[in-house]
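Residue numbers (my numbering): 34 to 135.
Each residue gets a CB set at the ideal place from its N, CA and C atoms; glycine is no exception.
Everything numeric in this text was worked out from a predicted model, so none of it was measured.
Report on the following structure.
Quick look at the structure:
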């Protein structure tokens, strides 16, 4: 899952440009979206210490969107989390339309 790998590595490096490269232009250029992500990186150690190894649980498909669901762990935080990365083809390109870690 190269897109997910890129986004996880960008999150670990707190690299907004790389993190947002698969987002829609509207999301990537939204200053509130950017500030929210930057704030979360500073407040939650987990989000900048994500393991790149993951256990994919399922892929859900609905109305042109595919959501990859996996168990996410961290190098520094002992807990396990559920990650959901949603993608959709927009104007001929595969774009991220959602990324949530619960």
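Return the CA-CA distance between residue 55 and residue 131, expressed in angstroms with no decimal places. 10 angstroms
Note the first and the last residue of the continuous beta strand (DSSP E) segment covering residue 93. 88 to 95
Thinking C-beta only, is residue 115 closer than 7 angstroms to residue 135? yes
Alpha carbon of residue 100 to alpha carbon of residue 43, nearest angstrom: 20 angstroms
Cβ shell of residue 104 (< 8 angstroms), same chain only, five flanking positions each side left out: 87, 88, 90, 113, 114, 115 and 116
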